[in-house]
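For the record, the sequence lines run as chains A and B.
According to the numbering used here, the stretch in the first sequence is residues 5 to 158, in order.
According to the numbering used here, the stretch in the second sequence is residues 5 to 158, in order.
Ideal Cβ placement from N, Cα and C applies to all residues, glycine included.
Nothing here was measured: the structure is a model prediction, and the numbers come from that model.
There are 2 protein chains.
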Amino acid sequence: MTDRIHFEDLVPGDVREYGRYEVTREEIVAFAAEYDPQPMHLDENAGAASLLGGLGASGWHGCGILMKIVAEGFILNSSGMGAGGIDEVKWLRPIRPGDVLSARHTVLAARPSRTKPDRGFVDFRFELLNGKGEVVLEQRCGVMFGRRVPGEPA
Amino acid sequence: MTDRIHFEDLVPGDVREYGRYEVTREEIVAFAAEYDPQPMHLDENAGAASLLGGLGASGWHGCGILMKIVAEGFILNSSGMGAGGIDEVKWLRPIRPGDVLSARHTVLAARPSRTKPDRGFVDFRFELLNGKGEVVLEQRCGVMFGRRVPGEPA
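Set out below in structure tokens:
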């Protein structure tokens, strides 16, 4: 499976855009009922009276949609091994019913593991874009990837 | 509704524990299929071969469960107005089928808005605990709350 994207292929400065995900009102309300039952994610009037200015998706729902797009468009075709956490999430704009979302990632840094010669760490900025090309969510995190050719630890 | 929890009630150093959420295998797999279809969240064998050491919930699923517990045990009974993002998430231990989770929050800092006399910002550490009392997820963020008595901006 060396044709998959490996650590060596991820070079600081790389930018990629991909994916298409249409969000429905039903999905926004269903996610909120399950995981974030704040009124502005469940009801138009409550949304209009909130800082969202209308019904808008839970920020965590946006994180899940971004993960889904990134998994299908990138990670599942890579040697990715997972992430230990998230460095930052910014919820910049509301996600509305009918929005068509896509992802953009930028490689910020890459370094081989200091202890394991078969892997390395890559820092990303992931952005979730709406149909107008506006960034609705920005997220930074480090992901571990297998190396195509194990080498000397850094 | 001045009996709800307001900005004035949230004092640095305050710690609260609350909630009970039992996670099923079905829910772990359903969330992953929808939002994080990486094999270690979908299949026992893939989980065992991964850094999770067995089937484990998506980290984003853990964030959603923590949000749900915090919403029902705290935010929905407060003047909370929302958060603009997350300062950090650490996924410290796997979340397994059958785990019974609860939440703990610590108030780290609180400051009135500099521009709006009716609100203030509170920084929290939110932790998701398993049935052994181990922290499986740690998250820091700032949340905006209405003030019970509008006052001078700081």
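Next on the checklist: Output needed for B:Pro86: all residues of its chain with C-beta closer than 8 Å, excluding positions within five of it in sequence on either side, in chain order.
Outcome noted: Note on residue identity: the sequence assigns Gly, not Pro, to residue 86 of chain B. Only residues of its own chain outside the window of five on either side were considered, and among them Val147 and Met148 have a CB closer than 8 Å to the CB of B:Gly86, listed in chain order.
Checklist entry - In three-state DSSP terms, what is B:Asp127? => result strand
Checklist entry - Going by DSSP, which residues form a beta bridge with B:Met148? => result In the DSSP output, where bridge partners are listed per residue, B:Met148 has B:Gly86 and B:Phe125.
Next on the checklist: Let's test the definition: count the other Cβ atoms within 10 Å of the Cβ of B:Leu133 and tell me whether it reaches 16, buried, or not, exposed.
Outcome noted: buried
Checklist entry - Residues in its own chain within less than 7 Å of A:Leu96 by CB, not counting five upstream and five downstream? => result Val139, Val140, Leu141 and Glu142
Checklist entry - Which residue from B:Val27, B:Asp13 and B:Asp18 puts its Cα closest to that of B:Gly135? => result Here the closest residue by C-alpha is B:Val27.
Checklist entry - Within the 8 Å Cβ cut-off, does A:Pro41 reach chain B? => result yes
Next on the checklist: For a test of the three-state rule: what should DSSP assign to A:Arg100, helix, strand or coil?
Outcome noted: Of the three classes helix, strand and coil, the one that applies to A:Arg100 here is coil, per DSSP.
Checklist entry - Taking one C-beta from the segment 30 to 42 of chain B and one from the segment 114 to 123 of chain A each time, how about it: are there three or more such pairs within less than 8 Å? => result no
Next on the checklist: Using a Cβ distance threshold of 8 Å, determine whether the segment 73 to 83 of chain B contacts the segment 39 to 53 of chain B, with at least three qualifying pairs required.
Outcome noted: Cβ pair count under 8 Å is below three, so no.
Next on the checklist: With three or more beta-carbon pairs closer than 8 Å as the criterion, would you say the segment 100 to 115 of chain A touches the segment 57 to 74 of chain B?
Outcome noted: no
Checklist entry - What residues in its chain sit with their C-beta under 7 Å from that of A:Val111, if we drop five residues either side in the sequence? => result For A:Val111, where only same-chain residues beyond five positions count, the Cβ hits under 7 Å are Leu14, Val15, Pro16, Gly17, Asp18, Val126 and Phe128.
Item to check | Through-space distance from A:Ile73 to A:Arg24, alpha-carbon basis | outcome: 7 Å
Item to check | Residue nearest to B:Arg8 in terms of C-alpha spacing, selected from B:Lys94, B:Pro98 and B:Ile79 | outcome: B:Ile79
Item to check | Local Cβ density within 10 Å of B:Arg20, reported as buried at 16 or more and exposed below that | outcome: Classification for B:Arg20: exposed.
Item to check | Distance between B:Arg151 and B:Arg123 (C-alpha atoms, nearest Å) | outcome: 5 Å
Checklist entry - Can you list, in chain order, the stretches of the alpha helix (DSSP H) that have 4 or more residues and sit fully within the segment 37 to 64 of chain B? => result The segment 37 to 64 of chain B contains these whole alpha helix (DSSP H) runs: 48 to 52.
Checklist entry - Can you tell me where the beta strand (DSSP E) with A:Glu92 in it begins and where it stops? => result Where A:Glu92 is concerned, the enclosing beta strand (DSSP E) stretches over Glu92 to Trp95.
Checklist entry - Does any residue of chain A bring its CB to less than 8 Å from the CB of B:Val1? => result With chain B running from 5 to 158 in the structure shown, residue 1 of chain B is simply not present.
Next on the checklist: Contact criterion: CB-CB distance below 8 Å. Does A:Gly68 meet it with respect to chain B?
Outcome noted: So, interface residue.
Next on the checklist: In the DSSP assignment, the beta strand (DSSP E) including B:Glu12 goes from what residue to what residue?
Outcome noted: Element bounds for B:Glu12: n/a, residue is neither H nor E.
Checklist entry - Should B:Leu55 go down as buried or exposed, given a rule of 16 or more other Cβ atoms within 10 Å for buried? => result With fewer than 16 Cβ atoms within 10 Å of its Cβ, B:Leu55 is classed as exposed.
Checklist entry - Would a check of beta-carbon distances place A:Gly77 closer than 8 Å to chain B? => result No - not a single Cβ of chain B is within 8 Å of the one on A:Gly77.
Checklist entry - Using the rule of at least 16 other Cβ atoms within 10 Å of the residue's Cβ for burial, across every protein chain shown, is B:Val153 buried or exposed? => result exposed
Checklist entry - Got a sec? Which residues, its chain only, sit under 8 Å from A:Asp47 by beta carbon, not counting five neighbours each side? => result Leu59
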